[in-house]
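Novice: First the structure, which I've put down as structure tokens, then a few questions once you've had a look.
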Amino acid sequence: DNVVYDRFLGTEQFNIMLQSAFVDVGAKSALLKYTGLIQDEAVKTTGDDGVSQQVTVKTGVASVGQAIVPNPVELAPYRTFPEVEQPISKFIFRMQEGPKAAIYEADGGAWRNKAILNIKEYLQEELKELENIEIIA
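For the sequence shown, the UniProt record's numbering assigns the number 1 to the initial residue and increments by one for each residue that follows.
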């Protein structure tokens with residue numbers, strides 16, 4: 001599995017994970033842009049209220065500004081067959097000094113039910129010309 005949950009990764013490794021293991025939907029592009037603009041050692045924990053964090057990001061060639069880390073974020077990691085639409089799920093996105101980033105699953109496993117339905121729909125469509133086949137999900 002290429003997706004790392006519940007563990008902080010350096011922003012370079014985090015960006016590689018997002019690019020290689022997530023569908024281009026939801027907050028993926030925003031997180032890629034966001035983590036790419038973080039200044040080294042710029043994560044502020046003083047602005048952390050448990051839900052959102054405040055960090056320093058590059059806003060120009062030499063200037064910096066404050067930004068609120070988005071939460072929760074919607075992402076669609078590859079978690080089922082690649083032919084099937086990947087379910088979008090909510091994740092908690094957190095940052096630490098380093099800078100490091102992490103995502104934590106926040107949908108209670110509901111993505112599994114959506115994945116099962118997506119697989120059922122895919123099989124029904126692909127096998128619709130065959131008789132006497134019932135897809136149960």
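Ideal Cβ placement from N, Cα and C applies to all residues, glycine included.
This one's a predicted model, so the numbers in the text were calculated from it and none came from an experiment.
So proline 77 and phenylalanine 22 are supposed to be a Cβ contact under 8 Å. How far apart are they, rounded?
Specialist: With 8 Å as the limit, proline 77 and phenylalanine 22 qualify as a contact, their Cβ atoms being about 5 Å apart.
Novice: How far does the alpha helix (DSSP H) with alanine 30 in it reach, from first residue to last?
Specialist: Its alpha helix (DSSP H) spans residues 28-37.
Novice: Indicate whether the contact test is met: 3 or more Cβ pairs, each with one atom in the stretch 82-94 and one in the stretch 105-120, closer than 8 Å.
Specialist: The stretch 82-94 is in contact with the stretch 105-120.
Novice: Could you check the C-alpha separation between isoleucine 135 and leucine 75 for me, to the nearest Å?
Specialist: Near 28 Å, if we compare the C-alpha coordinates of leucine 75 and isoleucine 135.
Novice: Just to confirm, are proline 70 and phenylalanine 91 a CB contact at a threshold of 8 Å?
Specialist: Their beta carbons are not under 8 Å apart, which means proline 70 does not touch phenylalanine 91 by this criterion.
Novice: Tell me which residues share the same chain as isoleucine 133 and place their Cβ nearer than 7 Å to its Cβ, disregarding the 5 neighbours each side in the sequence.
Specialist: Taken in chain order, the residues that qualify are Leu127.
Novice: What does DSSP give as the partner residues of serine 89 in its beta bridges?
Specialist: Serine 89 pairs with Leu75.
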